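Chemist:
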Amino acid sequence: MYWNQHCECMPQEQLAAVQLERLKNIVERVYHDVPFYRSKFQEIGLEPAEINTLDDLTKLPFTTKQDLRDNYPFRMFATSLSDIVRVHASSGTTGKPTVVGYTRSDLNNWSELMARSLTCGGTIKNSVIQIAYGYGLFTGGFGFHYGAERIGSTVIPISGGNTRRQLMIMKDFGTTVLACTPSYAIHLAETWENLGIERSELKLQHGIFGAEPWSEEMRQEIEKRLGISAVDIYGLSEVIGPGVACECQAKNGLHIFEDHFIPEIIDPVTGESLPYGEEGELVITTLTKEALPILRYRTRDISILTKEPCACGRTHVRMHKVMGRTDDMLVIRGVNVFPSQVESVILEIGGTEPHYLLIVDRKGSMDELEVQVEVSPEMFSDQVRGLEDLERKIRHRLQSLLGISAKVKLVEPHSLPRSEGKIQRVIDRRKI
Amino acid sequence: MIKQISLFLENKKGRLAHVCRVLGNEGINIRALSIADTTDFGVLRLIVNNPEKAYEILKAHNFAVSMTDVLAMEVADTPGGLAGTLEKLDEAEINVEYMYAFLGTTSQAALVIIRVENPEKAVSVIRRAGINILEGEQVYSL
Numbered sequence: 000m001y002w003n004q005h006c007e008c009m010p011q012e013q014l015a016a017v018q019l020e021r022l023k024n025i026v027e028r029v030y031h032d033v034p035f036y037r038s039k040f041q042e043i044g045l046e047p048a049e050i051n052t053l054d055d056l057t058k059l060p061f062t063t064k065q066d067l068r069d070n071y072p073f074r075m076f077a078t079s080l081s082d083i084v085r086v087h088a089s090s091g092t093t094g095k096p097t098v099v100g101y102t103r104s105d106l107n108n109w110s111e112l113m114a115r116s117l118t119c120g121g122t123i124k125n126s127v128i129q130i131a132y133g134y135g136l137f138t139g140g141f142g143f144h145y146g147a148e149r150i151g152s153t154v155i156p157i158s159g160g161n162t163r164r165q166l167m168i169m170k171d172f173g174t175t176v177l178a179c180t181p182s183y184a185i186h187l188a189e190t191w192e193n194l195g196i197e198r199s200e201l202k203l204q205h206g207i208f209g210a211e212p213w214s215e216e217m218r219q220e221i222e223k224r225l226g227i228s229a230v231d232i233y234g235l236s237e238v239i240g241p242g243v244a245c246e247c248q249a250k251n252g253l254h255i256f257e258d259h260f261i262p263e264i265i266d267p268v269t270g271e272s273l274p275y276g277e278e279g280e281l282v283i284t285t286l287t288k289e290a291l292p293i294l295r296y297r298t299r300d301i302s303i304l305t306k307e308p309c310a311c312g313r314t315h316v317r318m319h320k321v322m323g324r325t326d327d328m329l330v331i332r333g334v335n336v337f338p339s340q341v342e343s344v345i346l347e348i349g350g351t352e353p354h355y356l357l358i359v360d361r362k363g364s365m366d367e368l369e370v371q372v373e374v375s376p377e378m379f380s381d382q383v384r385g386l387e388d389l390e391r392k393i394r395h396r397l398q399s400l401l402g403i404s405a406k407v408k409l410v411e412p413h414s415l416p417r418s419e420g421k422i423q424r425v426i427d428r429r430k431i
Numbered sequence: 000m001i002k003q004i005s006l007f008l009e010n011k012k013g014r015l016a017h018v019c020r021v022l023g024n025e026g027i028n029i030r031a032l033s034i035a036d037t038t039d040f041g042v043l044r045l046i047v048n049n050p051e052k053a054y055e056i057l058k059a060h061n062f063a064v065s066m067t068d069v070l071a072m073e074v075a076d077t078p079g080g081l082a083g084t085l086e087k088l089d090e091a092e093i094n095v096e097y098m099y100a101f102l103g104t105t106s107q108a109a110l111v112i113i114r115v116e117n118p119e120k121a122v123s124v125i126r127r128a129g130i131n132i133l134e135g136e137q138v139y140s141l
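If you read the protein sequences in the order shown, they are chains A and B.
Residue numbers for the first sequence follow numbering that gives the first Met the number 0, beginning at 0 and rising by one.
Residue numbers for the second sequence follow numbering that gives the first Met the number 0, beginning at 0 and rising by one.
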C-alpha cells in the first residue's frame with residue numbers, strides 16, 4: 000500500500016530528473032538568500048551555475064550542526080520570518096538549541112512525507128493512532144500528528160509519559176497503531192503485563208518506532224511482546240524531522256524519500272563519497288525545503304545505502320537501520336545527549352572536578368542516565384548538606400538543559416578513569 | 000578547640016578500611032570518629048592524635064579532605080549527664096550541628112565532640128555555663 004504511488008514508485012531515471020531540477024533550484028536559492036551559503040560558495044570559488052548534474056553534488060560544501068549553532072537562531076533561514084509558520088528546536092550543547100523553521104509549504108511537504116511513512120507502517124484512514132512522542136519543540140509529536148491527520152486516521156495526541164493512562168486509553172479507545180520510541184513500546188508492554196491486561200483487550204496491529212537507534216533483535220522482541228508489526232522511521236530536525244525515511248512492510252531497510260532528499264554515504268574522516276553498499280556517514284541534501292534548505296547535512300549517523308529493488312515496489316533508495324554514530328552523541332529516551340552538554344553544566348556549577356562519567360543503562364525497558372562527577376578537594380567542606388545541594392543543583396540544571404532527568408552521583412577525587420589519549424566519558428550498558 | 004579531619008567517602012566496599020589503613024601505616028591513631036551518610040556517599044569525621052599530619056597524608060592520597068574546628072566537651076559519665084550538659088547549651092543558645100562520642104575518657108568524665116556555629120565564640124559561653132572544654136593537645140594525647 001502506498002500513500003503516493005506516483006512519487007514513491009517513480010522510475011529511477013525520472014526520479015533523477017526531478018532531483019536534478021530541484022537541486023539546481025535549491026543551490027540557486029541558498030546562494031542568493033542565505034549569506035552563510037553564499038560565503039561558503041565564495042570561499043571555495045563555486046558558482047551555482049556549475050551544478051549541472053547530480054554528480055556535481057560533491058562540489059557542494061557540507062553543513063554541520065555547528066553551522067546551525069553558529070547561526071542561531073534564524074540566520075540559516077532562507078525566507079523572512081513572516082513566511083515562517085512554525086519553529087522547532089533540539090537541545091544544544093551550551094544551552095542554545097538548534098532551531099529549525101517551516102513555511103506553510105514545508106509543513107505541507109512534511110505532512111505528505113509523514114503520511115507516506117505512516118502508510119509504510121500500516122496506517123490507514125480507519126486506523127486509530129496513539130502518538131506517544133513528545134509534543135512541543137521536539138519534532139516527534141507534531142510530525143506524526145500532521146501525517147496521521149493527512150491520512151485521515153483518528154489521532155490520539157497523548158504525547159509522552161503517564162504509562163497507565165496510555166494503556167487505559169489504548170484499551171478504551173481501541174488504538175490500532177502505536178507511535179513512540181522503541182524502548183517506550185517495550186515499557187508499555189511490560190506495564191500492561193504487570194497490570195494483568197490481556198492482549199485480547201487491545202486492538203493494536205502496527206507500530207512505527209523511531210527517534211533512537213534499535214536493532215533487528217529489538218524488533219523481534221517488540222513484535223513478539225506487543226503482537227504487532229513494527230517498522231523503523233528515520234529523521235532529524237535539521238533536515239525536516241521524522242519522515243526522511245521509513246521502512247515498508249518488507250522491513251529490509253528504510254526508503255529515503257528521494258523526491259525530497261538526496262542521500263549520500265561518505266567517509267566520515269576524508270569526506271569522500273562512497274559507493275552504494277559501503278558503510279559510512281549518511282549525508283542528506285534537502286530538495287524542497289523553503290525555510291531551511293540544507294546542503295549535504297552531516298547526520299553523523301552510520302548507515303549503508305542500497306539501490307536494489309524492494310519487494311514493496313517503491314523505487315526509492317533504502318538505508319540500513321542506523322548502525323552507530325561518528326560522534327559521541329547518545330540517544331536517551333529519544334533525547335539527544337552529548338557528553339559536552341553535561342560537561343558544560345558541571346563546569347558552570349563548580350564544586351566538582353571536570354572529571355565525569357556518563358553511565359547509560361536500561362532498567363526494565365527505560366533508559367536511565369547516571370552522571371558521576373568527582374568532588375573537588377578544594378571545594379569539599381565538612382557539610383553533608385552542601386554536598387547534597389551540589390548534587391541537586393547539577394540534577395536540576397541537567398534536567399532543564401537536556402529535558403531528561405539524570406541521577407547525579409558524587410564520587411571521590413581521582414576515582415574516575417584517566418587517560419592520556421581519548422578519554423572514555425560514557426559507559427553504555429544498554430543492549431539495543 | 001580541636002581540629003577535626005573530614006573526608007568524602009563513596010558508599011563503596013572497602014573505602015573505610017582503605018582510609019584507616021592509610022592512616023595506620025603512617026602511625027596516625029584514630030581517637031574518635033563518626034560517619035554522616037546518604038545513599039551514595041558519606042562524610043567521615045575523625046579526631047586523631049596528629050591532625051596536621053593526617054590531613055597531609057590524606058591529601059597526598061587524593062582524598063577530598065578538610066579540617067574543621069570542633070569542641071571536646073566533658074560530660075558527666077552518669078545517667079542524665081549528657082542531657083544536663085545539652086540543656087545548659089540550650090540555655091546558652093548554642094546550636095549543636097552534630098555531635099559524637101569520644102572513645103577515651105578523662106579521669107573524671109566522658110567526652111563528646113560537638114560542632115557548633117562559630118566555635119571560638121562558643122567556647123567562652125560554654126565554659127561560663129560550667130562545662131569543661133578541653134584543649135587540642137589534651138585530647139590528641141588521650
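By construction, the Cβ of each residue, glycine as well, lies at the ideal position given by its N, Cα and C atoms.
Quick caveat, the model's predicted, so the values are computed rather than measured.
My guess is that B/A205 and A/P412 are in contact by the Cβ rule of under 8 Å, so how many angstroms apart are they, rounded?
Modeler: An answer regarding residue 205 of chain B cannot be provided, because it is not within the stretch 0 to 141 covered by chain B.
Chemist: What residue range does the beta strand (DSSP E) around A/C119 cover?
Modeler: Your numbering for residue 119 of chain A matches position 120 in the first sequence. That residue, A/C119, is in no beta strand (DSSP E); its alpha helix (DSSP H) goes R103 to C119.
Chemist: Kindly list, in the order they appear in chain B, the residues whose Cβ is closer than 7 Å to that of A/K408.
Modeler: As a working mapping, residue 408 of chain A is identified with position 409 in the first sequence. The answer, in chain order, is D39.
Chemist: Touching or not, the region 210 to 217 of chain A and the region 169 to 186 of chain A, by the rule of three or more beta carbon pairs under 8 Å?
Modeler: Yes: the two stretches touch, three or more of their Cβ pairs being nearer than 8 Å.
Chemist: Taking Cβ-Cβ distances shorter than 7 Å, what residues in chain B pair up with A/H413?
Modeler: Stepping through the first sequence from its first residue, residue 413 of chain A is reached at position 414. Those are N61, listed as they occur along chain B.
Chemist: Using 9 Å as the threshold, is the C-beta distance between B/L70 and B/A121 below it?
Modeler: By one-based count along the second sequence, residue 70 of chain B stands at place 71. By one-based count along the second sequence, residue 121 of chain B stands at place 122. Against a cut-off of 9 Å, the Cβ pair of B/A121 and B/L70 comes out as a contact.
Chemist: When the Cα of A/I299 is compared with those of A/V374, A/I264 and A/G276, which residue comes out closest?
Modeler: Mapped onto the first sequence, residue 299 of chain A falls at position 300. Before going on, a small fix: residue 299 of chain A reads as Arg here, not Ile. When only C-alpha atoms are compared, the closest one is A/I264.
Chemist: At what residues does the alpha helix (DSSP H) containing A/S182 begin and finish?
Modeler: For this step, residue 182 of chain A is matched to residue 183 along the first sequence. P181 to N193 is the extent of the alpha helix (DSSP H) around A/S182.
Chemist: So B/V42 and B/L22 are in contact, right, with Cβ under 8 Å, and what is the actual spacing, rounded?
Modeler: As a working mapping, residue 42 of chain B is identified with position 43 in the second sequence. As a working mapping, residue 22 of chain B is identified with position 23 in the second sequence. With 8 Å as the limit, B/V42 and B/L22 do not qualify as a contact, their Cβ atoms being about 16 Å apart.
Chemist: What do you reckon, are the CB atoms on B/L8 and B/I34 nearer than 9 Å?
Modeler: In the second sequence, counting from the first residue as 1, residue 8 of chain B sits at position 9. In the second sequence, counting from the first residue as 1, residue 34 of chain B sits at position 35. Cβ distance < 9 Å, so B/L8 and B/I34 count as in contact.
Chemist: Per the DSSP calculation, A/K408 is bridged to which residue(s)?
Modeler: Taking the first residue of the first sequence as position 1, residue 408 of chain A is located at position 409. Per DSSP, A/Q371.
Chemist: Unbroken beta strand (DSSP E) runs of length 3 or more, entirely within the region 236 to 272 of chain A: which are they?
Modeler: Segments of the beta strand (DSSP E) lying fully in the region 236 to 272 of chain A: 240 to 246, 253 to 255 and 260 to 265.
Chemist: Using the Cα positions of A/D360 and A/F337, report the straight-line distance between them to the nearest angstrom.
Modeler: As a working note, residue 360 of chain A is residue 361 in the first sequence. As a working note, residue 337 of chain A is residue 338 in the first sequence. Rounded to whole angstroms, A/D360 to A/F337 spans 16 Å at the Cα level.
Chemist: On the DSSP letters alone, give me the boundaries of the beta strand (DSSP E) that B/N24 sits inside.
Modeler: On the second sequence, residue 24 of chain B is found 25 positions in, with the first residue counted as 1. Here B/N24 belongs to no beta strand (DSSP E); instead the alpha helix (DSSP H) covers R14 to N24.
Chemist: Threshold first: 3 residues or longer. Then list the beta strand (DSSP E) segments lying entirely within the region 298 to 351 of chain A, N to C.
Modeler: Entirely contained in the region 298 to 351 of chain A, the beta strand (DSSP E) runs reaching 3 residues are, in chain order, 329 to 331 and 334 to 336.
Chemist: Which residues in chain A have a C-beta closer than 9 Å to the C-beta of B/E9? List them in chain order.
Modeler: Start at 1 with the first residue of the second sequence, and residue 9 of chain B comes out as number 10. Simply K408, L409, V410, E411 and S414.
Chemist: Are the beta-carbon atoms of A/F137 and A/L294 separated by less than 9 Å?
Modeler: Along the first sequence, read from residue 1 onward, the residue named residue 137 of chain A stands at position 138. Along the first sequence, read from residue 1 onward, the residue named residue 294 of chain A stands at position 295. Contact: no.
Chemist: Could you tell me which whole beta strand (DSSP E) segments of length 3 or greater appear in the region 51 to 118 of chain B?
Modeler: Counting only runs of 3 or more, we get 64 to 74, 95 to 104 and 109 to 115.
Chemist: Using only CA atoms, which one of A/T175, A/L357 and A/L409 lies nearest to A/I130?
Modeler: On the first sequence, residue 130 of chain A is found 131 positions in, with the first residue counted as 1. For the residues A/T175, A/L357 and A/L409, the minimum Cα distance to A/I130 belongs to A/T175.
Chemist: Compute the beta-carbon to beta-carbon distance between A/I232 and A/F208, rounded to the nearest angstrom, for a pair I have assumed lies under 8 Å.
Modeler: One-based indexing of the first sequence puts residue 232 of chain A at position 233. One-based indexing of the first sequence puts residue 208 of chain A at position 209. Sure, about 7 Å apart at Cβ, within 8 Å.
Chemist: Using three-state DSSP, classify B/R44 as helix, strand or coil.
Modeler: On the second sequence, residue 44 of chain B is found 45 positions in, with the first residue counted as 1. Reduced to three states, the DSSP call for B/R44 is strand.
Chemist: Within the present structure, is the beta-carbon of A/V407 separated from the nearest heavy atom of the ligand FMN by less than 8 Å?
Modeler: Judged by which ligands are present, the structure shown has none, so any question about the ligand FMN falls away.
Chemist: Using only the alpha-carbon positions, how far apart do B/T84 and B/L45 sit?
Modeler: Residue mapping note: residue 84 of chain B aligns to position 85 of the second sequence, counting from 1. Residue mapping note: residue 45 of chain B aligns to position 46 of the second sequence, counting from 1. Each residue's Cα considered, the two are about 22 Å apart.
Chemist: Does the beta carbon of A/E215 sit closer than 9 Å to a beta carbon anywhere in chain B?
Modeler: Within the first sequence, residue 215 of chain A is the residue found at index 216, counting from 1. For A/E215, the answer is no, since every Cβ of chain B falls outside 9 Å of its Cβ.
Chemist: Which residues, in chain order, does the region 377 to 391 of chain A contribute to contact with chain B at a C-beta distance below 9 Å?
Modeler: Within the region 377 to 391 of chain A, the residues whose Cβ lies closer than 9 Å to some Cβ of chain B are E377, M378, F379, S380, D381, Q382, V383, L386, E387 and E390, listed in chain order.
Chemist: So which of B/N24, B/V18 and B/A53 has the shortest CA-CA distance to B/K2?
Modeler: Position 3 of the second sequence, counting from 1, holds the residue named residue 2 of chain B. The candidate whose alpha carbon is nearest that of B/K2 is B/A53.
Chemist: To the nearest angstrom, how far is the alpha carbon of A/G242 from that of A/G139?
Modeler: Here residue 242 of chain A is taken as the residue at index 243 of the first sequence, counted from 1. Here residue 139 of chain A is taken as the residue at index 140 of the first sequence, counted from 1. Those two C-alpha atoms are separated by around 10 Å.
Chemist: Here's the rule: buried if 16 or more other CB atoms are within 10 angstroms of the residue's CB, otherwise exposed. What is A/N335?
Modeler: For the purposes of this step, residue 335 of chain A is taken as residue 336 along the first sequence, with counting starting at 1. By the neighbour-count rule (16 or more Cβ atoms within 10 Å), A/N335 is buried.
Chemist: Assign A/T57 to one of three DSSP states: helix, strand, or coil.
Modeler: Counting from one through the first sequence, the residue named residue 57 of chain A turns up at place 58. Helix at A/T57.
Chemist: Is there a Cβ of chain B sitting closer than 9 Å to that of A/S375, yes or no?
Modeler: For this step, residue 375 of chain A is matched to residue 376 along the first sequence. Judged by the 9 Å Cβ criterion, A/S375 is in contact with chain B.
Chemist: Alpha carbons only, please: which of A/T287, A/L357 and A/E342 is nearest the one belonging to A/S104?
Modeler: Reading the first sequence from its first residue, position 105 is the one you call residue 104 of chain A. Looking at the Cα atoms, A/T287 is the closest of the given residues.
Chemist: Does A/K202 come out as helix, strand or coil in the three-state DSSP assignment?
Modeler: Position 203 of the first sequence, counted from the first residue, corresponds to residue 202 of chain A. DSSP places A/K202 in coil when its eight states are reduced to three.
Chemist: Is B/V138 close to chain A, meaning its C-beta is less than 9 Å from at least one C-beta of that chain?
Modeler: Here residue 138 of chain B refers to the residue found at position 139 when the second sequence is read from its first residue. No, B/V138 does not count as interfacial toward chain A.
Chemist: Kindly list the residues whose CB is nearer than 7 Å to the CB of B/T104, restricted to its own chain and excluding five residues on each side of it in sequence; keep chain order.
Modeler: Position 105 of the second sequence, counting from 1, holds the residue named residue 104 of chain B. Answer for B/T104: D76 and L110, listed in chain order.
Chemist: Considering only the beta carbon of each residue, do A/S110 and A/R149 sit closer than 9 Å?
Modeler: For this step, residue 110 of chain A is matched to residue 111 along the first sequence. For this step, residue 149 of chain A is matched to residue 150 along the first sequence. In contact: A/S110 and A/R149 (Cβ atoms closer than 9 Å).
Chemist: Just to confirm, are A/G123 and A/M0 a CB contact at a threshold of 9 Å?
Modeler: Here residue 123 of chain A refers to the residue found at position 124 of the first sequence. Here residue 0 of chain A refers to the residue found at position 1 of the first sequence. According to the sequence shown, residue 123 of chain A is Ile rather than Gly. Against a cut-off of 9 Å, the Cβ pair of A/M0 and A/I123 comes out as a contact.
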